[in-house]
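Engineer:
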Ligand code: GTP
Ligand code: MG
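Numbering (our numbering), first residue to last: 61 to 198.
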């Protein structure tokens, strides 16, 4: 079993969709073993998205991720990293497969409802950035 890090982004909390997104996550067989609603600081968002800092949309991305509350989560399950990427769908909702979170809910490539780690190694780093061990209960 594996863990991945998830964020329900501000467009999800703004539209009161956290339960609807969680229902898709749970239906896919992933277990939400840690969950917290937070307001990300600019510093937290810049650190989290550091790998994208040279990209043209970096400023917009940080602005968006700090524009309202987010829900940070630890998801657990068989091949959780790959499975959640599949459940999320393509980064651009216009290209996302039927039934995926981004196809169902996302509004644009920027405001795309969820984040999921892209490797098990990054999942560990991202989880440690937002969770203490005692706040993850499998
Ligand atoms: P994450 O799970 O959020 O990391 O999404 P991803 O891995 O599918 O996409 P990627 O890591 O390539 O990009 C990170 C995030 O940057 C995306 O989820 C989007 O929110 C944002 N992003 C990517 N491309 C664009 C873009 O062209 N414009 C804007 N405004 N945001 C973008
Ligand atoms: Mg990514």
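Positions of the beta carbon are idealized from the N, C-alpha and C atoms, including for glycine.
Computed from a prediction, not measured in an experiment: that's the story for all the values here.
1) When the Cα of residue 96 is compared with those of 69, 180, 118 and 155, which residue comes out closest?
2) Give the secondary structure of residue 77 by DSSP, where H, G and I count as helix, E and B as strand, and everything else as coil.
3) Run through the DSSP bridge pairs and tell me what residue 170 is partnered with.
4) Look at the alpha carbon of residue 126 and the alpha carbon of residue 75, and state the distance between them as a whole number of angstroms.
5) Which runs of the beta strand (DSSP E) spanning at least 3 residues fall entirely within the region 85 to 148, listed in chain order?
6) Following a CB-centred definition, is residue 132 positioned closer than 8 angstroms to any heavy atom of the ligand GTP?
7) Can you give me the C-alpha to C-alpha distance between residue 83 and residue 91, rounded to a whole angstrom?
8) Taking the CB atoms as reference points, tell me whether residue 137 and residue 186 lie closer together than 9 angstroms.
9) Consult DSSP for residue 65 and reduce its assignment to one of helix, strand or coil.
10) Quick one: does the C-beta of residue 178 sit closer than 8 angstroms to a heavy atom of the ligand MG?
11) Below 8 angstroms CB to CB, which residues in the same chain sit around residue 113 once its five sequence neighbours on both sides are set aside?
Structural biologist: Once the coordinates are examined:
1) 69
2) coil
3) Beta-bridge pairing links residue 170 to no other residue.
4) Here the alpha carbon of residue 126 sits roughly 16 angstroms from the alpha carbon of residue 75.
5) 91 to 98 and 130 to 137
6) no
7) 11 angstroms
8) no
9) Strand, per DSSP.
10) yes
11) Listed in chain order, the non-local C-beta contacts of residue 113 below 8 angstroms within the same chain comprise 106, local neighbours out to five positions each way being set aside.
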